[in-house]
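Asks:
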Amino acid sequence: MADYDFDVLVIGAGPGGYVAAIRAAQLGLKTGCVESRETLGGTCLNVGCIPSKAMLHASEFYDHAANGAMAKMGVKIDKMSLDLDTMHGQRKDAVKQLTGGIEFLFKKNKVEWLKGHAAFTAADTVQVGDRSVRAKNIVIATGSSVTPLPGVTIDEKIVVSSTGALELAKVPGHMVVIGGGVIGLELGSVWRRLGAKVTVVEFLDQILPGFDGEVRKESNKILKKQGLEFKLSTKVTGVTVKGGKAILTVEPAKGGDAEAIEADTVLVSIGRKPNTDGLALDKAGLSTNQRGQVEIDHDFRTAVPGIWAIGDVAPGPMLAHKAEDEGIAVAENIAGQHGIVNHDVIPSVVYTWPEIAGVGLTEEAAKERGEVKVGKFPMMANSRAKTNHEPDGFVKVIADAKTDRVLGVWCIASVAGTMIAQAAQAMEFGATSEDIAYTCHAHPTHSEAIKEAAMAVTGKPIHI
Ligand code: FAD
Ligand code: NAI
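Going by full-length UniProt numbering, the residue at position 35 of the sequence shown is 35; the numbering climbs one at a time, nothing skipped.
1. How close, in whole Å, do the beta carbons of M318 and S144 come, if the pair is a contact with beta carbons under 8 angstroms?
2. Buried or exposed: which applies to Y18, given that a residue is buried once 16 or more other Cβ atoms fall within 10 Å of its Cβ?
3. Return the bridge partner residues of residue 466 from the DSSP annotation.
4. Taking M175 and A118 to be in contact with their CB atoms under 8 angstroms, please state how far apart those CB atoms are, rounded to whole angstroms.
5. Kindly indicate the opening and closing residues of the beta strand (DSSP E) around T400.
6. So, G210 versus V171, is the Cβ gap smaller than 8 angstroms?
7. Can you confirm whether the region 50-60 touches the region 133-144 when touching is taken to mean that 3 or more C-beta pairs between the two stretches lie within less than 8 angstroms?
8. If I follow the unbroken alpha helix (DSSP H) through F104, where does it start and stop?
9. On the three-state DSSP scale, how would you describe T153?
10. Which residue wins for smallest C-alpha separation from C44, given the options A357, T387, E324, E448?
11. Leaving out the 5 sequence neighbours to the left and right, which residues in its chain are closer than 7 angstroms to E103 when beta-carbon positions are compared?
12. Which stretch, first to last residue, makes up the beta strand (DSSP E) that contains I307?
13. Hey, out of F203, T288, G227, whose CA is closest to P252's CA?
14. Could you check if H443 is buried or exposed, using at least 16 other CB atoms within 10 Å of its CB as the buried criterion?
15. In whole angstroms, what is the alpha-carbon distance linking A309 and K386?
16. Kindly identify the DSSP beta-bridge partner or partners of E355.
17. Return the CA-CA distance between K107 and D124, expressed in angstroms with no decimal places.
18. If I measure Cβ to Cβ from P354 and keep anything under 6 angstroms in the same chain, skipping five residues before and after, which residues do I get?
19. Should the region 367-377 be regarded as contacting the region 233-246, the criterion being three or more beta carbon pairs within less than 8 angstroms?
20. Could you name the residues that DSSP lists as bridge partners for N342?
21. Which class does C33 belong to by DSSP, given the choice of helix, strand or coil?
22. Per the DSSP calculation, V304 is bridged to which residue(s)?
23. By the three-class DSSP mapping on this structure, what secondary structure does G327 have?
24. For V266 and I334, I'd like the C-alpha separation in whole angstroms.
25. For the ligand NAI, is there any heavy atom lying closer than 7 angstroms to the beta carbon of I261?
26. Excluding the five sequence neighbours on either side, which residues of its own chain have a C-beta within less than 6 angstroms of the C-beta of G179, listed in chain order?
27. Is DSSP giving V171 helix, strand or coil here?
28. I'd like the list of long-range same chain contacts for G306, defined as Cβ closer than 7 angstroms, with 5 residues on each side in sequence excluded.
29. Determine the direct distance from the alpha carbon of K402 to that of N46, and round the result to whole angstroms.
30. Going by DSSP, what residues sit across from F61 in a beta bridge?
31. Can you tell me whether P148 is helix, strand or coil according to DSSP?
32. Given a cut-off of 8 angstroms on the beta-carbon distance, is the pair N230 and K221 in contact?
33. Are the CB atoms of G292 and K273 within a distance shorter than 8 angstroms?
34. How many Å lie between M380 and E390 at the Cα?
35. Who are the near neighbours of M419 in its chain, counting only those whose CB is closer than 8 angstroms to its CB and skipping five residues on each side?
36. What residue range does the alpha helix (DSSP H) around P15 cover?
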């Protein structure tokens with residue numbers, strides 16, 4: 001290794017970076033990982049996937065108890081109350097255990113954690129505090145952070161990002177969510193369940209851009225039924241904070257009369273941007289594209305030999321499992337193996353109730369490519385969902401009209417996030433809708449709805 005400090009130096013210890021570091025070490029490469037946070041795990045474990053799911057899970061219990069869903073099944077609670085401190089406590093606990101778990105895995109696999117901020121000084125060298133580190137391969141896995149709304153200051157008290165919205169000390173009377181995407185719907189759901197009035201202001205004419213059109217419409221309908229309010233085709237032009245309240249000015253996206261909305265809390269969730277500030281990419285001979293991402297080829301190589309990029313900082317969906325899979329593949333490529341990620345089959349899940357999930361093409365995108373057959377099955381007709389009082393949602397299977405090959409699967413169901421894994425696996429194996437329809441599914445399970453939707457592709461479901 002001559003005068004290199006590491007075979008592989010990973011910058012960032014999120015799901016992309018920590019997984020890349022562990023896999024590189026498993027493959028026998030001397031590996032270091034630079035992380036500027038106090039704990040490992042990145043956005044996902046510290047302020048993203050994990051704490052948001054802890055709050056979603058706990059608030060779902062509260063909601064079921066408070067809205068009579070449990071009473072309907074004979075579980076009566078006479079005196080119920082919200083102990084928000086305990087709810088936050090279990091969230092912090094989950095984060096602590098999982099971030100500590102990554103530290104344990106680093107030690108177990110002999111990955112050195114370099115604590116501090118990394119900045120390039122040359123293509124093969126980064127500065128971390130007062131240490132200059134030279135590595136044969138450098139993986140940029142610096143992730144992303146919240147996209148600010150011009151003219152709106154995030155103070156993490158009244159005007160919050162997702163990080164502040166996870167930690168609110170009391171339930172707001174009125175929360176306005178700017179952006180009807182994944183963060184807005186998940187965290188809006190948490191606080192709606194705990195008693196807040198929640199208004200989602202979305203610039204587009206429908207929530208959840210990128211999802212299947214029918215799924216977007218149906219999700220909107222279901223969430224409205226739960227009490228979330230939506231102002232679609234509406235833009236926020238300003239937010240002022242006075243006397244502990246926020247006043248938002250909103251107007252129709254296409255222009256028109258402005259309106260003022262008062263809120264106790266405003267959540268800014270209009271997307272995330274790649275983290276490259278302070279990385280001194282120019283010293284390495286790199287630059288970013290128009291979207292601020294570090295461009296890569298199919299093997300995760302940047303334009304500079306020896307520098308690789310993965311996860312949210314690179315193009316593609318900003319999802320933890322996409323970052324993790326890229327982490328494994330990049331380490332394998334560095335080790336001379338053939339790491340591959342199939343970017344056509346990356347599932348997306350919104351952890352609302354019910355969950356909203358999809359993999360592959362939307363019906364709209366599939367139709368643009370050619371003739372398709374579509375099979376649908378309502379959760380209302382699925383015995384398990386019906387028994388569990390979970391009638392909302394459906395499964396939709398989209399297949400190529402000629403070859404029957406499955407092009408996309410979309411689900412709205414209480415456990416859609418778990419169900420979508422079988423669809424992803426089927427698509428990885430190049431399954432036809434008939435393959436799914438003739439696969440024996442356990443009864444009674446929500447997953448039977450995928451089988452029946454696949455049967456519906458050729459018009460033969462049994463239970464509708
Ligand atoms: P990150 O997780 O962002 O990690 C990058 C790390 O690099 C950070 O810890 C940062 O401190 C560090 N870093 C950056 N620059 C430097 C530097 N110069 N020197 C040293 N360290 C540096 N995705 C899902 O798939 N499922 C979910 O349920 C989900 N929920 C989410 C909920 C919320 C509220 C948010 C905000 C995001 C959620 N995501 C979810 C998205 C997910 O968190 C990201 O896609 C994922 O974390 C990206 O992983 P990454 O490794 O690319 O980057
Ligand atoms: P997003 O891209 O999902 O949604 C942003 C929404 O804001 C869009 O609907 C957009 O049209 C709207 N918008 C943009 N500018 C606006 C404006 N000025 N006024 C009103 N609306 C505006 O981004 P979000 O929700 O911030 O999430 C960021 C990323 O984090 C996502 O890309 C997602 O991949 C990831 N994430 C994933 C989760 C999951 O997998 N369950 C959970 C949370 C986040």
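Even glycine gets a Cβ: it sits at the ideal position worked out from N, Cα and C.
Given the structure is predicted, the values throughout are model-derived calculations rather than measurements.
Replies: Let's see:
1. 6 angstroms
2. Classification of Y18: buried, given that the 10 Å Cβ count is 16 or more.
3. Look at the range of the chain in this structure, 1 to 464, and you will see that residue 466 is not part of it.
4. In this structure M175 does not touch A118 by the C-beta definition: roughly 36 angstroms separates them, more than the 8 angstroms allowed.
5. The residue you asked about is not Thr; residue 400 is Asp in the sequence shown. It spans 394-400 - the beta strand (DSSP E) in which D400 sits, taken as one unbroken run.
6. no
7. no
8. Where F104 is concerned, the enclosing alpha helix (DSSP H) starts and stops at 84-109.
9. Correct three-state label for T153: coil.
10. E324
11. L40
12. That run of the beta strand (DSSP E) goes 307-309.
13. F203
14. exposed
15. 46 angstroms
16. A413.
17. 25 angstroms
18. D392, G393, I412, A413, S414.
19. no
20. None, per the DSSP bridge assignment.
21. strand
22. Answer by DSSP bridge pairing: none, since V304 is not bridged.
23. helix
24. 44 angstroms
25. no
26. S269, I270
27. coil
28. A123, D124, K136, N137, I138
29. 46 angstroms
30. BP columns for F61 are empty, so no partner.
31. coil
32. Going by the sequence as given, residue 230 is Phe instead of Asn. Cβ distance not < 8 angstroms, so F230 and K221 don't count as in contact.
33. yes
34. Looking at the two C-alpha atoms, the distance is approximately 7 angstroms.
35. A357, V395, C411, A413, H446, S447, A449, I450
36. 15-26
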